[in-house]
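Position 10 (the sequence shown) corresponds to 10 in our numbering; numbering is contiguous.
Positions of the beta carbon are idealized from the N, C-alpha and C atoms, including for glycine.
All values reported here derive from a predicted model rather than from experimental measurement.
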Amino acid sequence: PLRAERPTRAHARPSPREVMIGMLRTACRNAASAARGPLRAQRRGMADGPPGGYFAEGVQGEGHVNGRLFNETPPPKGQSRKWEDWEAPWYLGMFGAAGILFFGLNAKPETSATAWAREEAAKRLAAGK
(Lines of atoms letter the chains of each structure in order from A; the text may use other names.)
(Lines give C-alpha, C1' and ligand atoms only; values in the text may rest on other atoms or scores of the structure.)
Protein backbone atom coordinates (compact mmCIF):
# COMPACT_ATOMS: atom_id res chain seq x y z
CA PRO A 1 0.00 0.00 0.00
CA LEU A 2 2.75 2.50 0.77
CA ARG A 3 4.65 1.85 -2.46
CA ALA A 4 1.56 2.54 -4.59
CA GLU A 5 1.63 6.20 -3.53
CA ARG A 6 4.81 6.85 -5.53
CA PRO A 7 5.58 5.97 -9.12
CA THR A 8 7.26 2.59 -9.07
CA ARG A 9 10.64 1.99 -10.65
CA ALA A 10 12.84 -1.06 -10.39
CA HIS A 11 15.61 0.87 -8.62
CA ALA A 12 13.49 3.29 -6.56
CA ARG A 13 14.71 3.68 -3.00
CA PRO A 14 12.15 3.75 -0.18
CA SER A 15 11.52 7.07 1.49
CA PRO A 16 12.73 7.65 5.06
CA ARG A 17 9.12 7.37 6.22
CA GLU A 18 8.78 3.92 4.61
CA VAL A 19 12.08 2.82 6.13
CA MET A 20 10.93 3.93 9.60
CA ILE A 21 7.58 2.15 9.19
CA GLY A 22 9.40 -1.03 8.16
CA MET A 23 11.69 -0.81 11.18
CA LEU A 24 8.71 -0.32 13.52
CA ARG A 25 6.91 -3.29 11.97
CA THR A 26 9.99 -5.47 12.46
CA ALA A 27 10.38 -4.33 16.08
CA CYS A 28 6.71 -5.07 16.81
CA ARG A 29 6.96 -8.48 15.13
CA ASN A 30 10.07 -9.35 17.18
CA ALA A 31 8.45 -8.21 20.43
CA ALA A 32 5.33 -10.25 19.69
CA SER A 33 7.32 -13.40 18.93
CA ALA A 34 9.36 -12.92 22.12
CA ALA A 35 6.14 -12.65 24.11
CA ARG A 36 4.81 -15.84 22.47
CA GLY A 37 8.01 -17.77 23.25
CA PRO A 38 6.92 -19.25 26.60
CA LEU A 39 3.55 -20.24 25.15
CA ARG A 40 5.24 -21.91 22.22
CA ALA A 41 7.26 -24.09 24.61
CA GLN A 42 4.04 -25.40 26.17
CA ARG A 43 2.58 -26.56 22.86
CA ARG A 44 3.90 -29.92 21.75
CA GLY A 45 4.05 -31.29 18.24
CA MET A 46 4.32 -34.83 16.94
CA ALA A 47 8.15 -34.78 16.71
CA ASP A 48 8.81 -33.22 20.12
CA GLY A 49 9.52 -36.51 21.88
CA PRO A 50 8.16 -37.68 25.20
CA PRO A 51 6.62 -35.21 27.66
CA GLY A 52 9.35 -33.62 29.75
CA GLY A 53 11.99 -34.38 27.13
CA TYR A 54 14.23 -37.38 26.66
CA PHE A 55 15.96 -37.01 30.02
CA ALA A 56 12.73 -37.00 32.02
CA GLU A 57 12.42 -39.68 34.68
CA GLY A 58 11.39 -43.06 33.32
CA VAL A 59 12.31 -42.32 29.69
CA GLN A 60 15.83 -43.77 29.48
CA GLY A 61 14.89 -47.35 30.21
CA GLU A 62 16.07 -49.95 32.66
CA GLY A 63 19.61 -49.85 34.00
CA HIS A 64 20.24 -46.19 33.18
CA VAL A 65 22.19 -44.37 35.88
CA ASN A 66 21.62 -40.62 35.73
CA GLY A 67 24.67 -38.40 35.74
CA ARG A 68 27.02 -40.80 33.93
CA LEU A 69 27.99 -40.06 30.36
CA PHE A 70 27.02 -42.90 28.00
CA ASN A 71 26.06 -44.97 31.06
CA GLU A 72 29.77 -45.67 31.59
CA THR A 73 30.78 -46.44 35.16
CA PRO A 74 33.79 -44.48 36.40
CA PRO A 75 37.02 -46.42 37.13
CA PRO A 76 38.00 -47.17 40.73
CA LYS A 77 39.97 -44.56 42.65
CA GLY A 78 43.59 -44.32 41.52
CA GLN A 79 43.00 -45.98 38.13
CA SER A 80 42.63 -44.23 34.79
CA ARG A 81 39.94 -44.98 32.28
CA LYS A 82 40.85 -47.59 29.63
CA TRP A 83 40.46 -46.31 26.08
CA GLU A 84 38.20 -48.06 23.60
CA ASP A 85 39.74 -49.51 20.41
CA TRP A 86 38.54 -46.65 18.24
CA GLU A 87 39.68 -43.74 20.44
CA ALA A 88 43.43 -43.67 19.65
CA PRO A 89 42.98 -43.65 15.84
CA TRP A 90 40.21 -41.08 16.14
CA TYR A 91 42.31 -38.67 18.22
CA LEU A 92 45.34 -39.27 16.03
CA GLY A 93 43.32 -38.57 12.89
CA MET A 94 41.61 -35.45 14.22
CA PHE A 95 44.74 -33.85 15.67
CA GLY A 96 46.77 -34.94 12.62
CA ALA A 97 44.27 -33.32 10.26
CA ALA A 98 44.22 -30.15 12.38
CA GLY A 99 48.04 -30.02 12.34
CA ILE A 100 48.22 -30.57 8.58
CA LEU A 101 45.65 -27.83 8.02
CA PHE A 102 47.36 -25.41 10.40
CA PHE A 103 50.89 -25.84 9.09
CA GLY A 104 49.83 -26.43 5.49
CA LEU A 105 47.71 -23.30 5.27
CA ASN A 106 50.41 -21.22 6.95
CA ALA A 107 53.08 -22.48 4.52
CA LYS A 108 51.12 -22.01 1.29
CA PRO A 109 52.45 -19.38 -1.10
CA GLU A 110 50.70 -16.04 -1.25
CA THR A 111 48.98 -15.77 -4.62
CA SER A 112 46.76 -12.74 -4.13
CA ALA A 113 46.83 -9.82 -6.54
CA THR A 114 47.84 -7.41 -3.79
CA ALA A 115 50.91 -9.50 -2.93
CA TRP A 116 51.94 -9.54 -6.58
CA ALA A 117 51.38 -5.78 -6.84
CA ARG A 118 53.44 -5.17 -3.70
CA GLU A 119 56.35 -7.19 -5.11
CA GLU A 120 56.06 -5.49 -8.50
CA ALA A 121 56.02 -2.04 -6.88
CA ALA A 122 59.11 -2.92 -4.84
CA LYS A 123 60.91 -4.10 -8.00
CA ARG A 124 60.01 -0.91 -9.87
CA LEU A 125 61.09 1.31 -6.98
CA ALA A 126 64.38 -0.56 -6.74
CA ALA A 127 64.93 -0.28 -10.51
CA GLY A 128 64.13 3.45 -10.46
CA LYS A 129 66.77 4.32 -7.85
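Rounded C-alpha distance that separates residue i from residue j
i: Lys-82; j: Met-94; result: 20 Å
i: Lys-108; j: Pro-89; result: 27 Å
i: Gly-104; j: Asn-71; result: 40 Å
i: Gly-96; j: Phe-102; result: 10 Å
i: Glu-110; j: Lys-123; result: 17 Å
i: Ala-126; j: Asn-106; result: 28 Å
Residue range of the alpha helix (DSSP H) that includes residue i
i: Thr-114; result: 113-128
i: Leu-105; result: 87-107
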